[in-house]
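First to last, the protein sequences are chains A and B.
Using numbering that gives the first Met the number 0, you'd call the opening residue of the first sequence number 0 and step up by one each time.
Using numbering that gives the first Met the number 0, you'd call the opening residue of the second sequence number 0 and step up by one each time.
Number of protein chains: 2
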Amino acid sequence: MSNYDVKQEVTDKYSLRGRVFNRIREDILSGRYKENDELKEIAIGEELGVSRTPVREAFRQLELEGLIQIVPNKGAYVTGITMDDVKDIYMIRSKLEGLCARRACEHITEAQMEEMEENVYLAKFHAEKGHFDQMFALDNRFHELLYESCNSKMLEHLLKDYHQYVKRVRSKTLSTIERSVASNAEHQGIMEAIKNKDGDLAEKLATLHVDKAFSNMIKNGLKEVYQND
Amino acid sequence: MSNYDVKQEVTDKYSLRGRVFNRIREDILSGRYKENDELKEIAIGEELGVSRTPVREAFRQLELEGLIQIVPNKGAYVTGITMDDVKDIYMIRSKLEGLCARRACEHITEAQMEEMEENVYLAKFHAEKGHFDQMFALDNRFHELLYESCNSKMLEHLLKDYHQYVKRVRSKTLSTIERSVASNAEHQGIMEAIKNKDGDLAEKLATLHVDKAFSNMIKNGLKEVYQND
DNA sequence: AATGGTATGATTGTATACAATTATCCACAG
DNA sequence: CTGTGGATAATTGTATACAATCATACCATT
Numbered sequence: 000m001s002n003y004d005v006k007q008e009v010t011d012k013y014s015l016r017g018r019v020f021n022r023i024r025e026d027i028l029s030g031r032y033k034e035n036d037e038l039k040e041i042a043i044g045e046e047l048g049v050s051r052t053p054v055r056e057a058f059r060q061l062e063l064e065g066l067i068q069i070v071p072n073k074g075a076y077v078t079g080i081t082m083d084d085v086k087d088i089y090m091i092r093s094k095l096e097g098l099c100a101r102r103a104c105e106h107i108t109e110a111q112m113e114e115m116e117e118n119v120y121l122a123k124f125h126a127e128k129g130h131f132d133q134m135f136a137l138d139n140r141f142h143e144l145l146y147e148s149c150n151s152k153m154l155e156h157l158l159k160d161y162h163q164y165v166k167r168v169r170s171k172t173l174s175t176i177e178r179s180v181a182s183n184a185e186h187q188g189i190m191e192a193i194k195n196k197d198g199d200l201a202e203k204l205a206t207l208h209v210d211k212a213f214s215n216m217i218k219n220g221l222k223e224v225y226q227n228d
Numbered sequence: 000m001s002n003y004d005v006k007q008e009v010t011d012k013y014s015l016r017g018r019v020f021n022r023i024r025e026d027i028l029s030g031r032y033k034e035n036d037e038l039k040e041i042a043i044g045e046e047l048g049v050s051r052t053p054v055r056e057a058f059r060q061l062e063l064e065g066l067i068q069i070v071p072n073k074g075a076y077v078t079g080i081t082m083d084d085v086k087d088i089y090m091i092r093s094k095l096e097g098l099c100a101r102r103a104c105e106h107i108t109e110a111q112m113e114e115m116e117e118n119v120y121l122a123k124f125h126a127e128k129g130h131f132d133q134m135f136a137l138d139n140r141f142h143e144l145l146y147e148s149c150n151s152k153m154l155e156h157l158l159k160d161y162h163q164y165v166k167r168v169r170s171k172t173l174s175t176i177e178r179s180v181a182s183n184a185e186h187q188g189i190m191e192a193i194k195n196k197d198g199d200l201a202e203k204l205a206t207l208h209v210d211k212a213f214s215n216m217i218k219n220g221l222k223e224v225y226q227n228d
């Protein structure tokens, strides 16, 4: 996140360090490791059958990703997400997803456009049925698609990072059927604006969408299931 | 950047790894290490009088910062900044500095406001005299001040990262006296808008300022000295 | 001469040993 | 009973040794 973050997409999947990194990242994002949990190099090394060296290197990367905080000579702790952080991220995403949607109007490929349409129509089905798991997946995919269609590696990567980051919180917030349906309707609006190459509208709708997702999250508080954005 | 990037501001300044990290970072930003230069663990370790271990850990962090790219089993190479990257960053900064300036209207402290005014008036003096070094420093400080006054750790950190990142390019672009004077006049406009707590104006001016800096950079191409933004 | 393969050296990846630092706990004084 | 001190254990920081991988060069074969 370090920020902008031009790192390669695949954090060398096949090195021990890469495996450790991805594993811990998943465990934090999925909630297996909770806020303020202490991660010990030896314990994790033994669990994954590797020595401390790759674990340490993975820790350094996770720290820059903002997932853990390393206190020198003391330990590594899973960072908490404060309400301020979430608020800040949504504020930033609000602007940048608008920008992203505007650029998508000019740069989206046919294949991406097609998948986006498919996504919206499929999601409509699942939203009405109350299939939350599928909704969650489709919702995530919609946003990733949007990011990929803006034709800016920097912007795409930044937005994916943030999106990934707030997943931790979204997975704890309550999702209602009403919000799911509304969220998907908003997706549809964005999708159609992009299809019509209406940059102004696409930007406006994407910004509004993020703002609404945040309002809804606040309104419902942090509960059990998850949050559609 | 990593991205959002919640990492501690001081990358433990007193550990060997922290020192190696800061040193290499400086060397890349200052241009001592150039694009595609290969960084060897042993060579750097010997130069700084440390073993490979802290060097390797520093490398991992630098990779996430986007300053180097590590090719597994091969080596670490200083990443180049493409014109697309620069364009993307200015596009993103344009939006976010606007947001930042708007927030500054509500959150800037008295001390920060005072330093900002001082900065503008001092810069005006140096701009007219053609003191480029002082201008460069004051310009950087103005933006950092702006970032610090928005009262958002996330936004502040993100903008500082980007600002730092493009320094590599800015230090190679030509700065004219005309642009220096114009740039500082823009700073003054932003500063006054913030002082008057005119959020709309501050956002508009800050966005425009970044856009103009980018246009100017394009117009002049990448030359010897540096670029005021 | 061109190509292919093998040997060799250089460099990174990983594991382990040792040093430094921090936390814990118990004894003991007040 | 409380608080301080130091010994001890646990954990991270660093250095080094070894394994794996990659690049290069040289020689053999065609």
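For each residue, glycine too, the CB sits at the ideal point set by N, CA and C.
Item: Within 7 Å of any Cβ in chain B, is that where the Cβ of A/Asp-36 sits?; Value: no
Item: For B/Gly-97, count neighbouring C-beta atoms within 10 Å of its own C-beta (all shown protein chains included) and say buried if the count is 16 or more, exposed if not.; Value: buried
Item: Considering only residues of the same chain and omitting the five flanking positions on each side of B/Glu-185, which have a CB-CB separation below 6 Å?; Value: His-208
Item: So with CB distances below 7 Å, who are the chain B contacts of A/Lys-33?; Value: Chain B residues near A/Lys-33: none, gap ~17 Å exceeds 7 Å.
Item: Indicate whether at least one CB of chain B lies closer than 7 Å to the CB of A/Ser-151.; Value: yes
Item: Short check: CB of A/Leu-154 to CB of A/Cys-99, under 7 Å?; Value: yes
Item: Do B/Tyr-146 and B/Arg-92 have their beta-carbon atoms positioned less than 7 Å apart in this structure?; Value: no
Item: Is there a Cβ from chain B that is less than 7 Å from the Cβ of A/Arg-59?; Value: yes
Item: Measuring CB to CB, does A/Val-49 end up less than 7 Å from A/Val-168?; Value: no
Item: Could you tell me the alpha carbon to alpha carbon distance between A/Tyr-164 and B/Ala-122, rounded to whole angstroms?; Value: 39 Å
Item: Would you mind stating whether A/Pro-71 and B/Ser-14 have Cβ atoms separated by less than 7 Å?; Value: yes
Item: Counting Cβ pairs closer than 8 Å, one from the region 28–39 of chain A and one from the region 61–77 of chain A, do we hit at least three?; Value: yes
Item: Give me the Cα-Cα distance between A/Gly-65 and A/Asp-199, rounded to the nearest whole angstrom.; Value: 33 Å
Item: Give a yes or no on whether 7 Å exceeds the smallest Cβ distance from B/Lys-128 to chain A.; Value: no
Item: Out of B/Thr-108, B/Ile-69, B/Lys-166, state which residue places its alpha-carbon closest to the alpha-carbon of B/Ser-29.; Value: B/Lys-166
Item: Under the three-state reduction of DSSP, which class applies to B/Leu-66: helix, strand or coil?; Value: coil
Item: What does the alpha-carbon distance come out to for the pair A/Glu-191 and A/Val-119?; Value: 10 Å
Item: What does B/Val-77 pair with, by DSSP beta-bridge criteria?; Value: B/Ile-67
Item: Which ranges does the beta strand (DSSP E) cover as unbroken runs of at least 3 residues, wholly within the region 101–145 of chain A, from first to last along the chain?; Value: none
Item: Which residues, taken in chain order from the region 39–63 of chain A, show a beta carbon closer than 7 Å to some beta carbon of chain B?; Value: Arg-55, Glu-56, Arg-59, Gln-60, Glu-62, Leu-63
Item: Between B/Arg-59, B/Ile-69, B/Gln-68, B/Phe-20, which has its C-alpha nearest B/Leu-47's C-alpha?; Value: B/Phe-20
Item: When the Cα of B/Ile-43 is compared with those of B/Leu-95, B/Met-112, B/Arg-102, B/Arg-22, which residue comes out closest?; Value: B/Arg-22
Item: Rounded to the nearest angstrom, what separates B/Phe-124 and B/Lys-196 at their Cα positions?; Value: 26 Å
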